[in-house]
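K.L.:
Numbering (the working numbering), first residue to last: 6 to 797.
Where a beta carbon is used, it is the ideal one built from N, C-alpha and C, also for glycine.
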Amino acid sequence: MPYFRVRRLSLGGLSLMLLCLCFCMLLPYPESMARVWEIPATDKLEQEAQEALLLAEAGDTVLLPEGRFAMNSELSMINPSVTLKGRGIDKTVLLYGEGAAGPQAIIASAANSRVEDLTIVDHPGDGIKMVGVSGVHIRAVKVEWTKKASSDNGAYGIYPVLSSNVLIEDSVVIGASDAGIYVGQSKNIIVRRNRVEGNVAGIEIENSQLADVYANDVRFNTGGILVFNLPHLLVQGGRGTRIFQNHLEDNNLGNFAAPGNSVAAVPQGTGMLILANDDIEIFENTIESHNTSSIALASFHILEQRIEDEHFDAVPENIYIHDNQMRNAGRWPFLGGQALGLIAGVLSFPHRVPHIAYDGIGALDDKGEAQPANLQGLRRLCLGSNQHDGGDKSYFGNLQLWKSSWWSPLPGSMNRSFEAHRCELPRLPQVVLDPPPSELPKARPKLSPEQVKNLCKTGEGKAAVNWEAAEVDCPLLADYGLFEEDSNPLAGARDGGFRYELTTPLFSDYASKTRFLFLPPGEAAGYQERSLIDLPLGTIIAKTFSFPADERDPEGAQQVVETRLLLHRTSGWSGLVYLWNKEGTQAHLVRGGASVAISRLDSEGRAQEYRVPNLAQCEGCHSENVPIGLKTGYLNRQGEGALAGANQLDYLAAKDRLRGLPPPSERPVYPVWNDPASGTLNARARTYLDINCAHCHSLQGKANTSALFLTLDQAADVRLGICKPPVAAGRGTGGTLFDIVPGKASESLLVERMKSNNAAIKMPELARFQVHKEGSELVTAWIDSLAGDCSK
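Quick look at the structure:
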């Protein structure tokens with residue numbers, strides 16, 4: 006275990022009261038309450054900080070040292086109520102580069118995650134991402150890209166998604182190629198006192214409900230504050246945003262977002278943009294010096310994109326704009342060349358674009374033609390008392406874009422009358438975040454080091470699996486007694502451990518994988534047709550990664566790198582990673598990941614570096630640490646080695662280790678991805694995507710925020726990516742407009758990301774650092790074979 010300095014910090018309620026009364030009396034916190042894990046300033050900071058985050062319990066703080074530190078991989082927060090803290094903005098600086106391994110610098114997935122007092126510089130992906138977190142608190146952090154206005158910069162600086170009770174305050178984001186602060190598909194949000202500059206979008210609230218955005222300094226972005234609602238996402242009904250007391254100035258930066266992103270259409274010089282979102286109140290803001298417009302309001306229909314989402318409402322409704330100061334806008338809408346800016350400029354001629362520009366588009370009729378937005382009652386756009394310069398003609402304009410296609414606007418057709426919008430709407434309520442839990446989650450029950458040591462040594466000297474140790478994290482792989490030779494995980498297994506293969510395996514940098522399934526004595530798995538086979542408590546799955554010393558002889562000598570275990574414990578599935586020493590004689594537990602030099606050369610004659618994941622990254626792929634691949638269709642094949650010629654399912658059933666197995670004709674079999682004789686091109690490509698991508702791209706997976714689902718049972722529609730615009734892909738779009746363009750793999754985002762090794766672009770995000778050339782070719786051929794047209 007790495008060196009940590011630990012000190013007790015917590016005060017109970019009584020101690021705190023006495024402290025206040027006595028002013029200087031300091032009473033110690035109860036030992037069980039909280040601790041600070043002080044990470045020393047060494048070249049192992051990344052690994053030691055990650056291990057501390059994995060070991061930290063509710064109420065703990067992982068404290069990073071002052072200094073500038075070169076980082077490679079992401080830091081993952083998977084335990085609830087843990088704080089990751091630096092010594093202050095520009096004092097603790099985490100430095101990344103194009104070679105970074107993870108898609109973001111910091112990723113959190115646990116309730117009440119807190120990040121504060123640190124700086125992140127030049128990560129190729131996102132700065133801080135929090136997914137599915139109830140209780141986000143990001144305070145006094147800085148995320149910066151030093152290459153100004155570059156589409157190569159990461160997409161998002163601060164990025165909570167599918168979260169609730171979000172607080173982002175006193176932070177700085179500079180240079181994001183999508184949005185500096187982006188909150189998506191979330192609820193109960195406060196974004197306050199931040200500075201965002203030099204981004205495409207300064208602050209973006211997307212498909213979210215109940216947000217207060219106030220007291221922010223928003224300057225020198227392409228667009229200042231955006232409130233969007235987009236189709237085809239899991240969360241719909243964006244509404245209830247208050248934007249107030251912000252200072253927005255000179256957001257005239259040329260749009261440098263990668264084509265295909267939603268913000269790529271934002272005209273430079275847009276103070277605020279409301280797109281298809283409802284219940285918005287904009288008040289007491291200062292908005293000045295914008296080339297296109299102070300405030301723009303638009304229906305999603307203005308983008309003329311296909312909408313296959315019956316739950317999506319494209320028209321902004323219940324918008325109340327009052328008591329703002331708006332100055333010097335609309336004079337240069339043609340700069341930047343964005344279509345929406347050009348339209349606004351043409352329609353406004355010979356006057357400048359008004360401070361408040363409204364597209365006027367309502368719902369589509371039965372023929373798909375746009376109709377005017379005839380909003381009534383509480384659904385109206387209401388303009389209260391706003392201070393502005395330039396007279397009435399420079400105040401408000403309805404572009405009436407429902408009259409014609411956006412590419413052929415009619416000069417002078419704008420309606421500048423705002424009489425219909427002189428009204429008031431009920432004020433929106435203040436957003437109140439739910440308080441954090443009054444009681445922190447109870448600490449996980451722990452065995453003493455001596456108890457763990459005794460369990461791990463129970464099987465010492467015996468030729469049997471150490472089943473008693475399966476409930477604890479043993480320091481050495483050999484402590485579990487899984488293999489006939491403790492120093493050779495490629496040899497046979499003990500206690501009837503079953504070596505298995507899959508029809509189509511997950512790709513991992515061309516590594517060879519040796520898989521064993523260990524079922525507790527007297528226990529059997531249960532057959533399930535489509536899902537994972539039902540594995541009993543106590544099951545251990547071992548997968549060893551190795552590389553041939555000579556690519557010309559893949560069956561020859563192997564360099565064994567790591568062995569990963571999944572253990573089915575009473576608390577659920579737990580993942581462990583064991584790294585083999587250079588001599589190949591012993592494997593020890595690593596929690597924080599590692600980088601290993603591979604002695605062989607790759608196909609282009611370059612030495613290969615292999616990265617061992619940290620345990621949090623393992624959990625990221627294995628949702629709730631559930632195994633990948635142990636489905637009947639993948640196991641329904643002949644085995645190898647001792648099982649050559651025997652069907653793996655039949656073998657397990659014959660040994661009474663698999664119950665409920667139906668006749669062969671009633672079992673699914675998934676094809677071999679690179680064997681045309683095993684299935685159609687469609688079946689092989691879909692199987693390849695299922696095993697490599699669907700553990701994330703599914704309803705339960707961590708990529709469900711994208712609403713791109715690549716499971717075998719997903720229908721061939723927009724959810725499979727067909728003609729689906731990308732969501733939050735950042736520079737990963739590569740200029741593509743859709744995930745899959747039938748018949749045109751070269752224009753499809755899916756292929757673009759499979760062919761990249763950049764951390765901000767590549768898919769899968771983890772588990773590979775080389776492009777799978779053959780797999781990319783398979784998916785390319787499949788997409789090229791599809792019929793369809795995304796232009797209709």
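By DSSP's criteria, A113 is part of a beta bridge. Which residues make up the other side?
P.N.:
Mapped onto the sequence shown, residue 113 falls at position 108. According to DSSP, A113 bridges with M82, M135.
K.L.:
Just list the residues that DSSP pairs I312 with in beta bridges.
P.N.:
On the sequence shown, residue 312 is found 307 positions in, with the first residue counted as 1. None, per the DSSP bridge assignment.
K.L.:
Are the CB atoms of V177 and I44 nearer to each other than 8 angstroms?
P.N.:
By one-based count along the sequence shown, residue 177 stands at place 172. By one-based count along the sequence shown, residue 44 stands at place 39. No, Cβ-Cβ distance for V177 and I44 is not below 8 angstroms.
K.L.:
Given a threshold of 16 other Cβ atoms within 10 Å of its Cβ, counted over all protein chains shown, does A547 qualify as buried or as exposed?
P.N.:
Position 542 of the sequence shown, counting from 1, holds the residue named residue 547. It counts as buried.
K.L.:
So, using beta-carbon positions, are F523 and L571 closer together than 8 angstroms?
P.N.:
Numbered from 1 along the sequence shown, position 518 holds the residue referred to as residue 523. Numbered from 1 along the sequence shown, position 566 holds the residue referred to as residue 571. For F523 and L571, no; Cβs fall outside 8 angstroms.
K.L.:
DSSP on C387, reduced to helix/strand/coil?
P.N.:
Reading the sequence shown from its first residue, position 382 is the one you call residue 387. The answer is strand: DSSP assigns C387 an E or B state.
K.L.:
Closer than 6 angstroms by C-beta to N641: which residues in its own chain qualify, once you throw out the five before and the five after it? Chain order, please.
P.N.:
As a first step, residue 641 must be located in the sequence shown, where it is residue number 636. Excluding sequence neighbours, N641 sits near L654, R672, V674.
K.L.:
Identify every residue that forms a DSSP beta bridge with D283.
P.N.:
For this step, residue 283 is matched to residue 278 along the sequence shown. In DSSP, D283 forms a bridge with R244.
K.L.:
Check whether the stretch 259-277 touches the stretch 312-320, counting contact only when three or more Cβ pairs, one atom from each stretch, lie closer than 8 angstroms.
P.N.:
Touching, no, given that fewer than three Cβ pairs across the two stretches are closer than 8 angstroms.
K.L.:
Could you check what DSSP says for G780 in three-state terms: helix, strand or coil?
P.N.:
In the sequence shown, counting from the first residue as 1, residue 780 sits at position 775. It is helical.
K.L.:
Would DSSP call R642 helix, strand or coil?
P.N.:
Taking the first residue of the sequence shown as 1, we reach residue 642 at position 637. Note: R642 maps to coil in three-state DSSP.
K.L.:
Measure the alpha-carbon distance for P165 versus K749 and round it to whole angstroms.
P.N.:
Reading the sequence shown from its first residue, position 160 is the one you call residue 165. Reading the sequence shown from its first residue, position 744 is the one you call residue 749. Whole-angstrom Cα-Cα distance: 33 angstroms.
K.L.:
Tell me where the beta strand (DSSP E) around D217 begins and ends.
P.N.:
The sequence position of residue 217 within the sequence shown is 212, counting from 1. First-last of the beta strand (DSSP E) with D217: 214-219.
K.L.:
Nearest CA to the CA of Y583: which residue from G577, L594, S576?
P.N.:
If you number the sequence shown from 1, residue 583 lands on position 578. Ranking G577, L594, S576 by Cα distance to Y583 puts L594 first.
K.L.:
DSSP state of A792, grouped into three classes?
P.N.:
Here residue 792 refers to the residue found at position 787 when the sequence shown is read from its first residue. Residue state, collapsed to three classes: coil.
K.L.:
How about the stretch 508-515 and the stretch 523-537: do they share at least three Cβ pairs that are nearer than 8 angstroms?
P.N.:
Contact fails: fewer than three Cβ-Cβ distances are below 8 angstroms.
K.L.:
How many Å lie between C29 and V565 at the Cα?
P.N.:
For the purposes of this step, residue 29 is identified with residue 24 of the sequence shown, where counting begins at 1. For the purposes of this step, residue 565 is identified with residue 560 of the sequence shown, where counting begins at 1. Below a pLDDT of 50, predicted positions are generally treated as unreliable, and C29, at 32, falls in that range; no measurement from the model is reported.
K.L.:
If I179 and I208 are in contact, beta carbons under 8 angstroms, what's the gap, nearest whole angstrom?
P.N.:
Indexing the sequence shown from 1 puts residue 179 at position 174. Indexing the sequence shown from 1 puts residue 208 at position 203. With 8 angstroms as the limit, I179 and I208 do not qualify as a contact, their Cβ atoms being about 13 angstroms apart.
K.L.:
Can you give me the C-alpha to C-alpha distance between K650 and R664, rounded to a whole angstrom?
P.N.:
On the sequence shown, residue 650 is found 645 positions in, with the first residue counted as 1. On the sequence shown, residue 664 is found 659 positions in, with the first residue counted as 1. Correcting the residue type first, residue 650 is Gly in the shown sequence and not Lys. Going by the C-alpha atoms only, they are around 21 angstroms apart.
K.L.:
Using a Cβ distance threshold of 8 angstroms, determine whether the stretch 782-793 contacts the stretch 132-150, with at least three qualifying pairs required.
P.N.:
Flag = no, the stretch 782-793 and the stretch 132-150 do not touch.
K.L.:
Looking at A115 and L99, is the spacing between their C-beta atoms short of 8 angstroms?
P.N.:
Residue numbering aside, residue 99 sits at position 94 when the sequence shown is read from its first letter. Residue numbering aside, residue 115 sits at position 110 when the sequence shown is read from its first letter. No, the Cβ-Cβ distance between L99 and A115 is not below 8 angstroms.
K.L.:
Please go through the same chain and pick out, in chain order, the residues whose beta-carbon is closer than 6 angstroms to the beta-carbon of F521, but skip the five residues on each side of it.
P.N.:
As a position in the sequence shown, residue 521 is number 516, starting the count at 1. For F521, where only same-chain residues beyond five positions count, the Cβ hits under 6 angstroms are A498, G502, R504, A547.
K.L.:
Would you tell me roughly how many angstroms separate the C-alpha atoms of L495 and N652, rounded to the nearest one?
P.N.:
Walking along the sequence shown from the start, residue 495 turns up at place 490. Walking along the sequence shown from the start, residue 652 turns up at place 647. Near 21 angstroms, if we compare the C-alpha coordinates of N652 and L495.
K.L.:
Quick one: using the 10 Å Cβ neighbour count with 16 as the cut-off for buried, is Y8 buried or exposed?
P.N.:
On the sequence shown, position 3 is the one that residue 8 refers to. Confidence is the limiting factor: at Y8 the pLDDT is only 40, short of 50, which leaves the residue's position unreliable and the question unanswerable from this model.
K.L.:
Residues bridged to D222 by DSSP?
P.N.:
Along the sequence shown, read from residue 1 onward, the residue named residue 222 stands at position 217. For D222, which the question treats as bridged, DSSP gives the partners R200, H252.
K.L.:
For A375, is the classification buried or exposed, using 16 other Cβ atoms within 10 angstroms of its Cβ as the cut-off for buried?
P.N.:
Numbered from 1 along the sequence shown, position 370 holds the residue referred to as residue 375. Buried, by the Cβ-count rule.
K.L.:
What residue range is occupied by the uninterrupted alpha helix (DSSP H) comprising V351?
P.N.:
As a working note, residue 351 is residue 346 in the sequence shown. Unbroken alpha helix (DSSP H) run through V351: 344-353.
K.L.:
Between the Cα of L215 and those of L404, N226, I195, W585, spot the shortest distance and give me the residue it belongs to.
P.N.:
Indexing the sequence shown from 1 puts residue 215 at position 210. Per the Cα distances, I195.
K.L.:
Using the three-state DSSP reduction, which class does K192 fall into: helix, strand or coil?
P.N.:
Position 187 of the sequence shown holds residue 192. Of the three classes helix, strand and coil, the one that applies to K192 here is strand, per DSSP.
K.L.:
If you measure from the CB of P431, is any heavy atom of the ligand PLP nearer than 7 angstroms?
P.N.:
This structure does not include the ligand PLP; it has no bound ligands of any sort.
K.L.:
Would R427 be called buried (16 or more neighbouring beta carbons within 10 Å of its own) or exposed?
P.N.:
The sequence position of residue 427 within the sequence shown is 422, counting from 1. The residue in question, R427, is exposed, as its Cβ has fewer than 16 Cβ neighbours within 10 Å.
K.L.:
With DSSP as the reference, label I179 as helix, strand or coil.
P.N.:
One-based indexing of the sequence shown puts residue 179 at position 174. I179 falls in the strand class under three-state DSSP.
K.L.:
Since D500 contacts P526 with CB under 8 angstroms, what's their CB separation in whole angstroms?
P.N.:
For the purposes of this step, residue 500 is taken as residue 495 along the sequence shown, with counting starting at 1. For the purposes of this step, residue 526 is taken as residue 521 along the sequence shown, with counting starting at 1. The pair is a contact, with the Cβ atoms about 7 angstroms apart (cut-off 8 angstroms).
K.L.:
What residue range is occupied by the uninterrupted alpha helix (DSSP H) comprising Y583?
P.N.:
Counting from 1 along the sequence shown, the entry for residue 583 is found at position 578. Y583 -> not in any alpha helix (DSSP H); beta strand (DSSP E) instead, spanning 577-585.
K.L.:
With DSSP as the reference, identify every bridge partner of R427, one or two as the case may be.
P.N.:
Reading the sequence shown from its first residue, position 422 is the one you call residue 427. DSSP lists L388 as partners of R427.
K.L.:
Can you have a look at T590 and say buried or exposed, based on whether 16 or more other CB atoms are within 10 angstroms of its CB?
P.N.:
As a working mapping, residue 590 is identified with position 585 in the sequence shown. Answer is exposed; the Cβ neighbour count stays below 16.
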